[in-house]
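Going by the numbering used here, the residue at position 170 of the sequence shown is 170; the numbering climbs one at a time, nothing skipped.
Written out below as structure tokens is the structure these notes cover.
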Amino acid sequence: MKKQLGMVLLTSSILLMSACTSAESEAKPIESKEHVQKDIQKQVQEGDFVFNVVSKKATYLQGEKPDIYAELAYTGNEKGVTISYGYSPITFTKLEETTRGYTFDASVPAPLSTGVPFTGDKPFRESLQPFGGYIPDEQKDKINFAKQIARGSMPKGHYILHAEAQFSVEKGAKQLSKPLSTVISFDVK
1 MKKQLGMVLL TSSILLMSAC TSAESEAKPI ESKEHVQKDI QKQVQEGDFV FNVVSKKATY
61 LQGEKPDIYA ELAYTGNEKG VTISYGYSPI TFTKLEETTR GYTFDASVPA PLSTGVPFTG
121 DKPFRESLQP FGGYIPDEQK DKINFAKQIA RGSMPKGHYI LHAEAQFSVE KGAKQLSKPL
181 STVISFDVK
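What follows is the structure, encoded as structure tokens:
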């Protein structure tokens, strides 16, 4: 009986140790903040439209305004198309600061612009304007951080910027099935 109990305990111990080892080997390594990949230019294409988001640099100095823009171009065979969109066909929708774990959503007015001619020789272009909205009952550090961003002085950190092109085509090109969207990232030192 003692022999059987010993075998059961030994087998259980081996199974338990192998389960713990495999769980540890599946854990993803944590990247240090210095080695985070910075994607300073991204392009998305669907049908006759190309959406491009560009940061002029991978790293900005604290107090320096990031030079970032997004561009929407029509590349179809028609001479031009007519589109409708809200405030702009291009929106910077969200800014994440990964060092502190802060996320800021952009608030955009939504007037509708209809019947806007759009040709291949003149793309729409929007430059990043500082935004850092917050709710008054959020933690004080996040509120101060948001106020710095709104003043155009981005604090040190690693940032991920989400951008989107959303519009409807009235005539000439194939309707998009969803907004064109992408993200870029940059650092402030």
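Don't be surprised by glycine CBs; every beta carbon is placed ideally from N, CA and C.
Everything numeric in this text was worked out from a predicted model, so none of it was measured.
Spatially closest choice to residue i from the options, by CA coordinates
i	options	result
Asn-77	Phe-167, Gly-120, Phe-131 and Ser-185	Gly-120
Gly-101	Ala-146, Thr-182, Lys-122 and Phe-51	Ala-146
Gly-132	Pro-123, Lys-142, Arg-125 and Glu-126	Lys-142
Tyr-87	Lys-122, Pro-66 and Glu-126	Glu-126
Phe-186	Ala-58, Glu-46 and Gly-115	Ala-58
Asp-67	Lys-79, Leu-128 and Gly-115	Leu-128
Alpha carbon of residue i to alpha carbon of residue j, nearest angstrom
i	j	result
Ser-113	Val-81	14 Å
Lys-56	Glu-138	32 Å
Val-188	Tyr-60	5 Å
Leu-176	Val-169	8 Å
Lys-33	Pro-117	Legend: pLDDT at Lys-33 = 42, less than 50; position of this residue unreliable, no value from coordinates given.
Glu-64	His-158	14 Å
Ile-135	Asp-39	30 Å
Gly-115	Gly-152	34 Å
Lys-140	Gln-148	12 Å
Ala-27	Tyr-69	Low local confidence applies: a pLDDT of 31 at Ala-27 is under 50, so the model's placement there is unreliable, and no value is given.
Thr-182	Glu-46	12 Å
Lys-122	Asn-144	39 Å
Contact under 9 Å by Cβ, residue i with residue j
i	j	result
Thr-93	Ala-163	yes
Val-44	Glu-71	no
Met-154	Gln-41	no
Ala-150	Pro-130	yes
Ser-84	Phe-167	yes
Ala-165	Phe-104	no
Ile-160	Thr-98	yes
Ile-90	Phe-51	yes
Coil, strand or helix - residue i by DSSP
i	result
Gln-148	helix
Lys-122	coil
Asp-137	coil
Lys-142	helix
Ile-184	strand
Gln-41	strand
Gly-132	coil
Pro-191	Since the first and last residues shown for the chain are 1 and 189, residue 191 lies out of range.
Pro-179	coil
What are the start and end residues of each continuous beta strand (DSSP E) run of 3 or more residues lying completely inside the region 48–111, in chain order?
49–55, 68–74, 80–85, 90–97 and 102–105
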